[in-house]
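Numbering (this note's numbering), first residue to last: 6 to 144.
Backbone N, C-alpha and C fix where the C-beta goes; we use that ideal spot for every residue, glycine too.
Below: one structure, written as C-alpha cells.
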Amino acid sequence: MSGRTLFTKIIEGEIPCYKLYENEHVFAFLDINPLSKGHTLLIPKEPAPTIDQLTPDSAAAIGKALPILSRAIKEATGAIAYNIIQNNGKEAGMTVPHVHFHIIPRYPESKHSFTWEPKSMDVSEGRTIADAIQHSLSE
Ligand code: 5GP
C-alpha cells in the first residue's frame, strides 16, 4: 500500500477533477458533492493530515491562495457571501485526512447551514485556557 491520500491522487491526475488552480505548493478543484455552486477545495500539495502538521511554506502558500481563489469564485459565480470551512480530524467531520479548505459560496436562495451552539464564556475558565494556550505558544 502506497499511503498516498485521495487528494494526492487528484493532484497527480490519477483521479479526475475540475481543476481550478495550481502552483508549487497548492492545488484547488471543485468538490465532487458541492453544498452550493462553485464549492471549492483548496489543498496543500504536502499531504499533512491536519493543519497543525503543515510546514510554514505550505501554510503561507495556502494563506496567499485563499483570497485569490475567493475573489475569483465570487466574481465567477455572483455569490453574495461565502464560508471557508476547514475540518481537522474525523471527530471534527474530516473525511479525507489531507488538509483542505472548503470555500462555499452562498446565494440569496441558499439554504445550507453550519450547526453552531454558542455558550457563554465562564470568566475563570477563559483565563485558564488563555494562559494554557499562551504557555504552549511560548514553548
Ligand atoms: P471533509 O468532510 O473531509 O471536510 O471534506 C472532504 C470533501 O472532499 C467532501 O466535501 C467531499 O465531497 C470531497 N471529496 C471526496 N472525494 C472526492 C473526490 O474524489 N473528488 C472531489 N472533487 N471531491 C471529493
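Residue i versus residue j: straight-line alpha-carbon distance, rounded
i, j, result
"K79", "I85", "7 Å"
"T120", "E17", "34 Å"
"R9", "F32", "16 Å"
Supposed contact pair residue j and residue i - C-beta distance, whole angstroms, cut 8 Å
i, j, result
"I108", "T45", "4 Å"
"F34", "K24", "5 Å"
"H103", "P54", "7 Å"
"A65", "P49", "So it is not a contact: roughly 10 Å between Cβ atoms."
"L71", "I90", "Contact doesn't hold; Cβ gap of about 12 Å is too wide."
"K42", "P110", "7 Å"
"L47", "F106", "4 Å"
Segment limits, alpha helix (DSSP H) that includes residue i
i, result
"L11", "11-16"
Span of the beta strand (DSSP E), counted from its first residue to its last, around residue i
i, result
"K24", "24-27"
"L46", "45-49"
"A33", "31-35"
In chain order, each beta strand (DSSP E) run of at least 3 residues that lies wholly inside the region 63-128: DSSP assignment within the region 63-128 yields the following whole beta strand (DSSP E) runs of 3 residues or more, N-terminal first: 86-90, 106-111.
Beta carbon shell of ligand 1 at less than 5 Å from a heavy atom: Listed along the chain, these residues meet the criterion: C22, D36, I37, N38, N92, M99, T100, V101.
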